[in-house]
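J.: Residue numbers (our numbering), protein chains in the order written: chain A, 1 to 316; chain B, 317 to 632.
Positions of the beta carbon are idealized from the N, C-alpha and C atoms, including for glycine.
Computed from a predicted structure; not experimentally measured.
(1) Apart from the five residues on each side of it in sequence, which residues of its chain come closer than 8 Å, Cβ to Cβ, to residue 529(B)?
(2) Give the secondary structure of residue 170(A) by DSSP, where H, G and I count as helix, E and B as strand, and everything else as coil.
(3) Please determine, among 187(A), 137(A), 232(A), 315(A), the residue with the shortest C-alpha to C-alpha distance to residue 397(A).
(4) I'd like to check one pair, residue 241(A) with residue 191(A): are the Cβ atoms closer than 8 Å?
(5) Ordered along the chain, which non-local residues of its own chain (more than five positions away) have a Cβ less than 7 Å from that of residue 440(B)?
(6) Any idea if residue 196(A) is buried or exposed, counting beta-carbon neighbours within 10 angstroms, 16 or more meaning buried?
(7) Whole angstroms is fine: what's the gap from residue 291(A)'s alpha carbon to residue 281(A)'s?
(8) List the residues of chain A that residue 368(B) touches, going by C-beta distances under 7 Å, in chain order.
(9) Determine, using beta carbons only, whether residue 261(A) comes closer than 8 Å to chain B.
(10) Does residue 256(A) have its Cβ less than 8 Å from a Cβ in chain B?
(11) Do residue 24(A) and residue 33(A) count as a contact pair if the criterion is CB distance below 8 Å?
(12) Can you tell me the Cβ-Cβ gap for residue 304(A) and residue 112(A), rounded? I've got them flagged as a contact below 8 Å.
(13) Just how far apart, CA to CA, sit residue 165(A) and residue 251(A)?
(14) Per the DSSP calculation, residue 630(B) is bridged to which residue(s)?
(15) Does residue 406(B) have its Cβ less than 8 Å from a Cβ in chain A?
(16) Apart from the five residues on each side of it in sequence, which residues of its chain come closer than 7 Å, Cβ to Cβ, to residue 295(A)?
(17) Which term fits residue 77(A), buried or exposed, when burial requires 16 or more other beta carbons within 10 angstroms of its beta carbon?
(18) Which residues share a DSSP beta bridge with residue 583(B)?
(19) Using 8 Å as the limit for Cβ to Cβ distance, is residue 429(B) near chain A?
(20) So, at 7 Å on beta carbons, what are the nonlocal neighbours of residue 563(B) in its own chain, with the 5 sequence-adjacent residues on each side left out?
(21) My output table needs one value for residue 218(A): the three-state DSSP class, helix, strand or coil.
(22) Where does residue 50(A) land, buried or exposed, given buried means 16+ other C-beta within 10 angstroms?
(23) Among all the DSSP beta bridges, which residues are the ones paired with residue 452(B)?
(24) At which residues does the beta strand (DSSP E) containing residue 406(B) begin and terminate?
(25) CA-CA distance, residue 54(A) and residue 138(A)?
(26) Below 8 Å between beta carbons: does that hold for residue 630(B) and residue 155(A)?
(27) In whole angstroms, give me the CA-to-CA distance for residue 135(A) and residue 503(B).
(28) For residue 306(A) versus residue 22(A), is the C-beta distance shorter than 8 Å?
(29) Could one say the Cβ of residue 162(A) lies closer than 8 Å to chain B's Cβ atoms, at least one of them?
(30) Hey, would you say residue 94(A) sits closer than 8 Å to residue 71(A), going by beta carbons?
(31) Name the residue from 185(A), 161(A), 225(A), 293(A) whose alpha carbon lies nearest to the alpha carbon of residue 603(B).
(32) Is the distance from the Cβ of residue 464(B) to the Cβ of residue 148(A) below 8 Å?
(33) Drop a sphere of 10 angstroms on the beta-carbon of residue 85(A), count the other beta-carbons inside from all chains shown, and report buried for 16 or more, exposed for fewer.
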């Protein structure tokens with residue numbers, strides 16, 4: 001059986017045909033048509049489905065389902081995108097719009113973070129697990145929860161906003177307006193900002209030198225690379241980051257007691273340089289004698305496509 | 317049908333016969349026999365079951381189940397108490413021990429916080445809800461989670477330790493050894509401690525006066541009463557408490573998005589003086605446009621008995 005999975009992002013639309021072994025057997029992508037009405041976007045997407053059907057030598061009606069991952073929240077009836085700011089989608093009846101092109105193929109919508117967790121469940125770090133948490137460490141914090149072997153969409157279907165758990169009461173302001181959220185302390189953005197501050201405070205240290213003294217050339221990646229190279233300033237920033245992230249993971253571990261926590265996003269590419277001290281830090285703060293596995297997410301850039309293609313299996 | 321529910325605490329064993337309408341139709345209690353071997357305790361409990369059977373005019377075998385709530389963690393096979401420090405129970409095979417007295421009546425064990433949430437589910441603040449959180453604000457913090465209409469025991473069955481979510485990274489030390497846990501900032505103990513400090517700092521203020529200048533006479537209740545009476549010092553302590561608790565509730569709301577959060581324990585008796593500002597504070601920090609209901613727990617002292625009696629309905 002073949003399923004269609006769309007990963008719709010603010011810069012790109014990616015789509016794949018996913019088979020029963022979770023392989024992407026055909027794929028397409030195109031820039032997201034920013035500024036166009038949503039029907040235009042849906043038209044492009046429908047064109048992709050027809051082109052992929054042709055490539056696979058089947059009729060589009062043969063696809064088992066069409067799943068769509070969007071970076072925003074989905075209405076509780078799972079028919080509309082309530083807000084996806086990067087897409088400028090607000091109250092968009094995306095399911096019906098896509099359905100109108102393929103009346104006989106069921107269409108499913110999902111939040112991209114939830115969908116990524118579903119991808120890990122069927123094909124990655126969560127295979128065979130019942131309770132698991134995916135955290136993506138990027139510009140912001142994404143989070144997806146698996147409970148009882150299924151995607152958990154929040155008790156009132158508002159979704160899971162793990163990045164807005166309060167980690168430092170009265171701490172630094174978060175973009176959401178609350179102080180001390182996980183997202184204010186555990187993102188690549190935090191690493192970048194601390195690296196930039198260090199350019200001012202320690203102009204002769206490695207971060208500043210490597211950036212040619214230009215704050216704007218400092219990235220989270222540069223801070224991590226300097227820490228790996230043994231620089232004390234970068235090492236201190238990274239140690240604080242690990243300590244903050246360890247507190248966030250301990251919070252989740254103490255509340256949910258997951259079998260596994262998987263980390264994705266740019267910062268997770270630091271590998272064992274991140275994971276080894278993070279496991280130790282989290283376990284130290286975990287109330288239980290052990291905490292679940294803390295591992296890299298496995299699905300990478302294909303998480304959206306594969307997770308979206310699996311949304312049908314999560315329905316009903 | 318009649319069910320037996322035990323609420324075993326460090327100072328008292330309470331037991332009741334619970335009918336289908338969640339009424340306690342007969343009850344007994346006795347001091348907990350501290351220092352005796354557990355078989356002695358089980359003997360007392362078995363005696364209660366026989367006495368209650370007699371009082372109800374039935375044979376003990378007619379009881380549908382025996383449920384036991386203990387202040388500790390239960391093994392993942394739900395047969396033993398792993399640690400219940402207040403009872404000095406460590407690796408106690410409580411289910412088998414009770415079962416040996418009544419071979420034909422199924423016996424169930426539960427953590428007291430989980431059991432209290434079950435009581436709210438069947439008879440109190442969580443009736444008809446699928447996703448709900450119970451938080452007891454006492455000397456420590458207790459927490460029970462209902463997910464999908466069922467008691468959530470943690471993904472690895474370690475339980476739910478809501479009190480040890482990190483609320484203030486690098487904050488005050490918690491009894492568990494981690495800094496800034498919910499339990500370090502949201503208990504009656506925190507209110508008491510701040511009240512005591514105020515006796516030193518503000519010896520002429522209301523808290524100190526009412527306590528006759530004696531720190532040891534300051535309680536959370538006194539702090540709340542002085543705040544209610546309009547005292548500025550007590551009011552400031554209470555406002556900080558509400559702000560801290562609001563951050564804790566926002567964390568839970570943003571991760572789980574529960575339909576309802578119920579608060580029990582001594583501090584919750586402050587009533588709307590607590591709940592009104594707490595709702596406002598939590599909503600301000602909640603990522604979603606609304607957060608679930610924030611209400612007083614309803615089951616009070618009978619939560620353990622009724623929840624334990626309902627454990628059978630949660631099994632299987």
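T.: Let's see:
(1) Sequence index remark: in the second chain, residue 529(B) carries index 213 (1-based). Cβ within range, chain order: 515, 519.
(2) Within the first chain, the letter at position 170 stands for residue 170(A). Note: residue 170(A) maps to coil in three-state DSSP.
(3) Since the displayed chain A opens at 1 and closes at 316, residue 397(A) lies outside it and no answer follows.
(4) The residue given as residue 191(A) occupies position 191 in the first chain. The residue given as residue 241(A) occupies position 241 in the first chain. The answer is yes: Cβ separation under 8 Å.
(5) If you number the second chain from 1, residue 440(B) lands on position 124. Here the set comprises 613, 614, 615.
(6) Here the question's residue 196(A) lines up with position 196 in the first chain. Counting Cβ neighbours within 10 Å, residue 196(A) comes out buried, since at least 16 surround it.
(7) What you label residue 291(A) is simply residue 291 of the first chain in a count that begins at 1. What you label residue 281(A) is simply residue 281 of the first chain in a count that begins at 1. Whole-angstrom Cα-Cα distance: 11 Å.
(8) For the purposes of this step, residue 368(B) is identified with residue 52 of the second chain, where counting begins at 1. Those do not exist, as residue 368(B) stays about 35 Å from chain A at its closest Cβ, beyond 7 Å.
(9) Position 261 of the first chain, counted from the first residue, corresponds to residue 261(A). By this cut-off, residue 261(A) is not an interface position.
(10) What you label residue 256(A) is simply residue 256 of the first chain in a count that begins at 1. Yes - at least one Cβ of chain B is within 8 Å of the one on residue 256(A).
(11) Stepping through the first chain from its first residue, residue 33(A) is reached at position 33. Stepping through the first chain from its first residue, residue 24(A) is reached at position 24. Contact: no.
(12) In the first chain, the residue the question calls residue 304(A) occupies position 304. In the first chain, the residue the question calls residue 112(A) occupies position 112. Contact flag correct, Cβ pair sits at about 6 Å.
(13) Looking up residue 165(A) in the first chain gives position 165. Looking up residue 251(A) in the first chain gives position 251. CA-to-CA, the gap between residue 165(A) and residue 251(A) works out to about 9 Å.
(14) Taking the second chain and counting its residues from 1, one reaches residue 630(B) at position 314. Its beta-bridge partners do not exist; DSSP assigns none.
(15) As a first step, residue 406(B) must be located in the second chain, where it is residue number 90. It does not: the Cβ of residue 406(B) has no partner Cβ on chain A nearer than 8 Å.
(16) Within the first chain, the letter at position 295 stands for residue 295(A). Answer for residue 295(A): 125, 260, 262, listed in chain order.
(17) Reading the first chain from its first residue, position 77 is the one you call residue 77(A). By the 10 Å Cβ count, residue 77(A) comes out exposed.
(18) Counting from 1 along the second chain, the entry for residue 583(B) is found at position 267. DSSP lists no partner for residue 583(B).
(19) As a first step, residue 429(B) must be located in the second chain, where it is residue number 113. By this cut-off, residue 429(B) is not an interface position.
(20) Residue mapping note: residue 563(B) aligns to position 247 of the second chain, counting from 1. The residues 483, 601, in chain order, have a CB closer than 7 Å to that of residue 563(B) in the same chain once the five nearest residues on each side in sequence are set aside.
(21) To locate residue 218(A), count along the first chain from 1; it is residue 218. Three-state result, residue 218(A): coil.
(22) Mapped onto the first chain, residue 50(A) falls at position 50. That one is exposed.
(23) The residue labelled residue 452(B) in the question sits at position 136 within the second chain. According to DSSP, residue 452(B) bridges with 458(B), 580(B).
(24) Indexing the second chain from 1 puts residue 406(B) at position 90. First-last of the beta strand (DSSP E) with residue 406(B): 405-408.
(25) Locating residue 54(A) in the first chain gives position 54, counting from the first residue. Locating residue 138(A) in the first chain gives position 138, counting from the first residue. The alpha-carbon of residue 54(A) is positioned some 36 Å away from that of residue 138(A).
(26) Sequence index remark: in the second chain, residue 630(B) carries index 314 (1-based). Sequence index remark: in the first chain, residue 155(A) carries index 155 (1-based). Cβ distance not < 8 Å, so residue 630(B) and residue 155(A) don't count as in contact.
(27) In the first chain, residue 135(A) corresponds to position 135, counting from 1. In the second chain, residue 503(B) corresponds to position 187, counting from 1. Distance from the CA of residue 135(A) to the CA of residue 503(B), rounded to the nearest whole angstrom, comes to 30 Å.
(28) Residue 306(A) sits at position 306 when you count from the first residue of the first chain. Residue 22(A) sits at position 22 when you count from the first residue of the first chain. For residue 306(A) and residue 22(A), yes; Cβs fall inside 8 Å.
(29) For the purposes of this step, residue 162(A) is taken as residue 162 along the first chain, with counting starting at 1. True, the Cβ-Cβ gap to chain B drops below 8 Å.
(30) Looking up residue 94(A) in the first chain gives position 94. Looking up residue 71(A) in the first chain gives position 71. The answer is no: Cβ separation not under 8 Å.
(31) Reading the second chain from its first residue, position 287 is the one you call residue 603(B). Among 185(A), 161(A), 225(A), 293(A), the Cα nearest to that of residue 603(B) is on 161(A).
(32) On the second chain, residue 464(B) is found 148 positions in, with the first residue counted as 1. On the first chain, residue 148(A) is found 148 positions in, with the first residue counted as 1. The Cβ atoms of residue 464(B) and residue 148(A) lie closer than 8 Å to each other.
(33) Stepping through the first chain from its first residue, residue 85(A) is reached at position 85. Under this definition residue 85(A) is an exposed residue.
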